[in-house]
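Q: In UniProt numbering, the protein residues as written are 1 to 396.
1) Using the Cβ count rule (16 or more neighbours within 10 Å means buried), how would you classify residue 305?
2) Would you say residue 249 and residue 282 are within 9 Å of each other, going by their C-beta atoms?
3) How many angstroms separate the CA atom of residue 279 from the CA atom of residue 90?
4) If contact is defined by three or more beta carbon pairs under 8 Å, each pair taking one atom from either stretch, is the segment 336-349 in contact with the segment 368-379?
5) Secondary structure at residue 10, three-state DSSP: helix, strand or coil?
6) Run through DSSP, which three-state label would residue 25 get?
7) Pull up the distance between the alpha-carbon of residue 45 and that of residue 39, whole angstroms please.
8) With a threshold of 6 Å on Cβ separation, who are the neighbours of residue 163 within its own chain once the five nearest residues in sequence on each side are excluded?
9) What do you reckon, are the CB atoms on residue 84 and residue 197 nearer than 9 Å?
10) Pick helix, strand or coil for residue 386, following the three-state DSSP scheme.
11) Given this structure, state the Cα-to-Cα distance separating residue 216 from residue 73, to the nearest angstrom.
12) Between the C-alpha atoms of residue 103 and residue 334, what's the straight-line distance to the nearest angstrom?
13) How big is the Cα-Cα spacing for residue 203 and residue 390?
14) Leaving out five residues before and five after residue 399 in sequence, what residues of the same chain have Cβ atoms less than 7 Å from its Cβ?
15) Would DSSP call residue 72 helix, strand or coil?
16) Which whole-angstrom value is the C-beta distance of residue 68 and residue 309, which I expect to be below 8 Å?
17) Would you please state the rounded distance, in angstroms, between the beta carbons of residue 105 and residue 117? I believe it to be under 8 Å.
18) Short check: CB of residue 341 to CB of residue 385, under 9 Å?
19) With 9 Å set as the bound, which would you pick, yes or no: does the beta-carbon of residue 117 sit closer than that to a beta-carbon of chain D?
20) Measure the C-alpha to C-alpha separation of residue 297 and residue 93 and round it to an integer number of angstroms.
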């Protein structure tokens, strides 16, 4: 009997406590939401502000800025971007002291990316380029004199915008891939797939060939690649890529470099300088290839909003490129074991199991059941592979 009484009392206590807690919690929320009305009715206040006698003399700016105004802060950010570029650029090659150039050098600048720089990556890595410093501006501010005919053609005649698919220059509404290039920084894709873009060498020489000798202190060739969030780089499906490889020079790029080498041999250009603008490592087998005759090569990464201001100064010696590479720099990505397993591998019997349509992503919260990746390379990444398994297995 006593046990039942105790249990009853416990139930009553628990029930009462729960009710009181619920009423208190709910009442507190209601009171907070109606604090003004309650205070007005009761003639009370939720809080009281007390001002000390020396309040006016106290400094309440606890986190002080180092800058006088917003403009100074923005300029400091731009200066930092330029400093990062000046210290982070990597000089890959510099034969016969090809660099630095004299500040008043007359140069011809080639390549899609000269007119359309890679300022950042895709997705959250993108950059507002509306006020960014271009290669052209950076070169001219460093004192280099640019071939105006080439510059004009790259900016207008050979340029189109992906937003409309129409040319900004001659032949509006048409597209001739041998003459025009699409805007590469957006990784233009459409009915023909991902497109790097470029201009055939014969059109370049036809439009500006008679100006090369006048601006022959150096031929500066700039190429770039973009990638990042939502834009994995393809190894075999880029429509104008060499064998579809996004990180290999395209045939147009190779033809242009070979054409510049021929002109250098004829004495039209004194030297060839190659600049790579991008965050992803290119297959670098071309840098020391004699048929391209590259005298100096520099990897500048992505420009950001003000990095372009530093590149011209790097070429003229005002800044010294002091960046360094990782331990392994691939001459060809085909040699990298991680690429064997990268991509979209689907189970052969996925359709039989009825899971061929399972696509998981940020918008569809279901697992990707029909695709898989096997990390066969294990720990053998980068130098761990080239200095061990590659040496033993591939080279014997």
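We put the CB at the ideal spot given by N, CA and C, even for glycine.
All values reported here derive from a predicted model rather than from experimental measurement.
A: On the basis of the coordinates in this document:
1) buried
2) yes
3) The alpha-carbon atoms of residue 279 and residue 90 are separated by roughly 12 Å.
4) Put simply, the segment 368-379 touches the segment 336-349. At least three CB pairs are less than 8 Å apart.
5) helix
6) helix
7) 6 Å
8) In this prediction, residue 163 has a pLDDT of 42, which is less than 50 and means its spatial position is unreliable; what the coordinates show is noted afterwards. Within the same chain, and ignoring the five residues on either side of residue 163 in sequence, no residue has its Cβ closer than 6 Å to its Cβ.
9) no
10) helix
11) 40 Å
12) 40 Å
13) 43 Å
14) Outside the shown range of the chain, which is 1 to 396, sits residue 399, and nothing can be said about it.
15) DSSP places residue 72 within a helical segment (H, G or I) once states are collapsed to three.
16) About 22 Å separates the two Cβ atoms, so there is no contact after all.
17) That belief does not hold up - the Cβ atoms of residue 105 and residue 117 are roughly 20 Å apart, past 8 Å.
18) no
19) The structure shown contains no chain D, having only a single protein chain.
20) Between residue 297 and residue 93, the C-alpha separation is close to 5 Å.
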